[in-house]
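Heads up: the structure comes next, in structure tokens.
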Amino acid sequence: MNAAIDLATRKGIEGVPEITDLTKLFLYVNSHDINARYLNFLKALTNLSDDIISGWLSINARTFRNYRKAGASLKHNTKEHVVALIALYKHGIDVFEGQDNFDRWLTTPNYTLDMKSPTDFLDTISGIKFIDDRLTAIEHGDNV
Numbered sequence: 826m827n828a829a830i831d832l833a834t835r836k837g838i839e840g841v842p843e844i845t846d847l848t849k850l851f852l853y854v855n856s857h858d859i860n861a862r863y864l865n866f867l868k869a870l871t872n873l874s875d876d877i878i879s880g881w882l883s884i885n886a887r888t889f890r891n892y893r894k895a896g897a898s899l900k901h902n903t904k905e906h907v908v909a910l911i912a913l914y915k916h917g918i919d920v921f922e923g924q925d926n927f928d929r930w931l932t933t934p935n936y937t938l939d940m941k942s943p944t945d946f947l948d949t950i951s952g953i954k955f956i957d958d959r960l961t962a963i964e965h966g967d968n969v
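Mapping the sequence shown onto my numbering, position 61 (from 1) lands on 886, and the numbers just tick up by one.
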């Protein structure tokens, strides 16, 4: 994990399972208190704006900022989505050897994605899984 990511975030997300195993992801979401801390972990993993992140979660930026306050209650589908995004970010930061490099790849239009940027796919769990599969392909030498 990137050294630029603070220790509290690294410790907080270390148990988040890979997105490749949706059963483990489901069990993790249902056995942990996914709350404002996890939204703050996600925010710490990316340099992207609240507008972009809230778009992935299908909420507006103001709601995203309110959810990030302690005591906020998240909907179940939002909890699952946040954990899936954290899993993706853990993988992407490892593949690209840094947060900035991964954010840059996520926001760049990609020929293999019909000139869409990977961020365009992160508003669904299946889209997150699809982009994670692209990361795995990169790890194995594909030019994605």
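Where is the CB? At the ideal position from N, CA and C, for every residue including glycine.
query	result
Excluding five sequence neighbours on each side, which residues of the same chain lie with their C-beta closer than 7 Å to the C-beta of Ala-869?	Ile-830, Asp-831, Thr-834
Three-state secondary structure (DSSP) at Asn-935?	strand
Below 9 Å between beta carbons: does that hold for Lys-904 and Glu-843?	no
Could you give the distance in angstroms between the alpha-carbon of Gly-896 and the alpha-carbon of Trp-881?	22 Å
Can the beta-carbon of Asn-865 be found closer than 9 Å to that of Arg-893?	yes
Closest to Phe-807 by C-alpha separation, out of Lys-954, Asp-858, Glu-964, would be which residue?	The question about residue 807 has no answer, for the chain in this structure spans 826 to 969.
Using DSSP bridges, identify the partner residues of Lys-806.	A question about residue 806 goes unanswered here, because the residues of the chain that appear run from 826 up to 969.
Can you tell me whether Leu-852 is buried or exposed? The criterion is at least 16 other CB atoms within 10 Å of its CB, across all chains shown.	exposed
With a threshold of 7 Å on Cβ separation, who are the neighbours of Ile-956 within its own chain once the five nearest residues in sequence on each side are excluded?	Leu-913, Pro-943, Phe-946, Leu-947
Determine whether the beta carbon atoms of Ile-838 and His-906 lie at a separation below 9 Å.	no
Please name the residue, chosen from Leu-850, Thr-848, Leu-867, that lies closest to Lys-836 on a Cα-to-Cα basis.	Leu-867
Report the residue from Ser-898, Ile-950, Arg-959 whose alpha carbon sits nearest the alpha carbon of Phe-793.	This structure gives no information on residue 793, because the portion of the chain shown stretches from 826 to 969.
For Gly-840, count neighbouring Cβ atoms within 10 angstroms of its own Cβ and tell me buried if that reaches 16, exposed if not.	exposed
What are the start and end residues of the alpha helix (DSSP H) that includes Ala-829?	Here Ala-829 belongs to no alpha helix (DSSP H), and DSSP marks it neither H nor E.
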